[in-house]
Structures are given as structure tokens and as C-alpha cells.
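Student:
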């Protein structure tokens, strides 16, 4: 029965995204919500200037509509679902404001880092308050072992770091056509399986709804992209995957399953530290996907390679939890 519900969830969410996208793309184009391309970015990306952005609205709407529909049809509307929607919609709203400033005010940097962080911290605080009401354990499990560590009050900063860090890491990955949509579908698919294995039905359904939404969006976001998700989508997805990892008690496994996002973030950190301390760049450009582009790889080759890496890491994460 659960497998059937998960499949229905994925298909409904996919269908909603596929139906909404062609309606939103012309609308975004009429509003002149086109993407501004960084001048220091790869020269090949300049032709993407003007491509409609803020397509993450479609992803978030698909997730909301599908989750509510499936929950009311097959389950009860649980506190877990409310918390997951809170984080996804909340972080998506922060991203929407960032995108809006970029495309309407023509400021490529959008919200200031302090403004964005403030919004993320408020949502993270509300999420933690909800966790307290759920009575969730402050223990974290060491993957592939039976060892657990009770963090006590330190669990709060861990939750904040996970939500803020994951949202920003996922945001950095959204730099090529289909890159984030593909790697995101893989990572959320892995967590859907882990939630199903742990009998966390609500979390599994929510994860499946995200898989369907990003795959439906990928139909229009694959190279050459007709629409970008923008920060509206990437921040929402980043917050969502961290929230799912927390509710499934797979906090540490997020680093492995979301390994592509971690690698992208590390490439930026390494680049900044190297340039500030040595005056030299380690990569031709960061995040890492741009390095490979400037090394002569086609955009599609970079994207598919990152998808494959994401798939390997996701399978390894499932293996460590389910079969070890």
C-alpha cells in the first residue's frame, strides 16, 4: 500500500510541475523576470541572460499541492508535514525575495547576506520549536554503526547549521542547466527510500513529492533551459533536504547523500581561502562545475557527470543505512 501511495505522490507531483511550467514560463517572460548573468562567469553563459527565472515557484507549488492532496487522501495532516512545509515554503520565500530584488531592482546580488541569513535563522528557529513539540531525540547516529551521541543543547546549533548550510550549499550547485534538478531528485529519492525503510510515512511521501516536482521541472530546465529555478527553488530545496535528514535522524548521512552539494561548497571555500592567503586560485572558477566548464567540458557533460557522482553517493548512503 505504501509503495503505491509513494508512486502516486511522485506521479501527481510530476504532473503538476509539467502542467504548471508552461503556464508560468510565458508569465515570467511577460513580467521580464529574466536571469542576470554574472560578468565574471563563463562566457558561454552570457547567452542565457534573459532566460526566465523564479521557476522555483512551480516546484514549491507542486510540493505543496501534492503533499496536501496525498495527506488528505491517504493520511492525516501530521506535525511532521507541517514542519517540512514550513521550512520549504519559508526558505522558498527568502529565495523569492532574493530573486525579486535581482530581476526587478536589477541588483544581481539580491538580498544582502545579513538579510538572507536573518530570514533563514528565523525559519530554523521555528523549525526547532516544532521539533521540541514533537519530542524528537537530540541524539545523532553514526552511519553504519550502532553508536549514537546525545548532543543535548548542542542539537540546536546543529539544526541551524544544517538548515542554513544545506540551503546555501544547494544554492551554489544551481549553476548549470539541469544540474540541481537532477542531483536534487537523486538525493531526495535516497531520503524517500530511507524514510520508507524507517516507516516514516509522512516524510517519505513529502520526499517523493519533491522528487516528482524537480523531475517535472527538469523537463523544462534541462539543457538548453527554458527556465531557471532561481533562489526561490534552490533555497527551498536546500532547507527541505536538511529538514528531512533531521526528521529521519540521518543528520550525518546528509553529508554523504548530499555529497555533490558539499563538494561544490568546499570548492568555493578552498578558492576563497587560497586567494586571500596566497593570492592564487586553486580552480579556474568556483563553484566546481564552472572549473570543468572552463577546462573544456561541455555543459551537458559536466551535468551528467555530477548526476552520476550524486547517484553513487546516494546508493552508498542507502547501503550504509539499510544493509550495513
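In this note's numbering, the protein residues as written are 207 to 530.
By construction, the Cβ of each residue, glycine as well, lies at the ideal position given by its N, Cα and C atoms.
Since the structure is predicted, the reported quantities are computational estimates derived from the model, not experimental observations.
#1: Do the CB positions of residue 463 and residue 519 come within less than 8 Å of each other?
#2: Taking the C-alpha atoms as reference points, what is the distance between residue 252 and residue 358?
#3: Among the candidates 406, 398, 335 and 377, whose CA atom is the shortest distance from the CA of residue 414?
#4: Give me the Cβ distance between residue 444 and residue 376, rounded to the nearest whole Å; I'm assuming they're in contact under 8 Å.
#5: Would you tell me roughly how many angstroms separate the C-alpha atoms of residue 337 and residue 485, rounded to the nearest one?
#6: If you run the structure through DSSP and keep just helix, strand and coil, what is residue 354?
#7: Should the stretch 340-357 be regarded as contacting the stretch 272-281, the criterion being three or more beta carbon pairs within less than 8 Å?
#8: Does DSSP put residue 524 in a helix, a strand or coil?
#9: Flag this pair as yes or no: are the beta carbons of residue 378 and residue 471 separated by less than 8 Å?
#10: Enumerated in chain order, which unbroken segments of the alpha helix (DSSP H) with a length of 4 residues or greater are wholly contained in the stretch 417-498?
#11: DSSP on residue 346, reduced to helix/strand/coil?
#12: One question on the structure: do residue 390 and residue 428 come within less than 8 Å of each other, judged by their Cβ atoms?
#13: Do you know how far the Cα of residue 353 is from the Cα of residue 425?
#14: By the 10 Å Cβ neighbour count, where 16 or more other Cβ atoms means buried, how is residue 232 classified, buried or exposed?
#15: Given a cut-off of 8 Å, decide if residue 281 and residue 407 are closer than it, judged by their beta-carbon atoms.
#16: Excluding the 5 residues flanking residue 303 on each side, which residues of the same chain have their C-beta closer than 7 Å to its C-beta?
#17: Would you tell me roughly how many angstroms separate the C-alpha atoms of residue 479 and residue 487, rounded to the nearest one?
#18: Considering only the alpha carbon of each residue, which of 466, 309 and 458 lies closest to residue 387?
#19: Can you have a look at residue 437 and say buried or exposed, based on whether 16 or more other CB atoms are within 10 angstroms of its CB?
#20: Rounded to whole angstroms, what's the CA-CA distance from residue 531 to residue 340? Just pull it up for me.
#21: Counting only the same chain and skipping the five closest in sequence on each side, list residues whose C-beta sits under 6 Å from that of residue 395.
#22: Buried or exposed for residue 493, please, with buried defined as at least 16 other CB atoms from any protein chain shown within 10 angstroms of its CB.
#23: Provide the residue span of the alpha helix (DSSP H) that contains residue 318, from first to last.
#24: Roughly how many whole angstroms lie between the Cα atoms of residue 411 and residue 374?
#25: Closest by CA to residue 294, which one among 369, 220, 224 and 229?
Tutor: Quick look at the numbers:
#1: yes
#2: Low per-residue confidence applies at residue 252: pLDDT is 49, beneath 50, and the placement is therefore not dependable, though the value from the model is reported in the following sentence. Each residue's alpha carbon lies about 49 Å from the other.
#3: 398
#4: 3 Å
#5: 44 Å
#6: strand
#7: no
#8: helix
#9: yes
#10: 436-453, 459-463 and 465-484
#11: strand
#12: no
#13: 42 Å
#14: exposed
#15: yes
#16: 317
#17: 9 Å
#18: 466
#19: buried
#20: Here the chain has residues from 207 to 530 only, and residue 531 is not among them.
#21: 417
#22: buried
#23: Here residue 318 belongs to no alpha helix (DSSP H), and DSSP marks it neither H nor E.
#24: 24 Å
#25: 369
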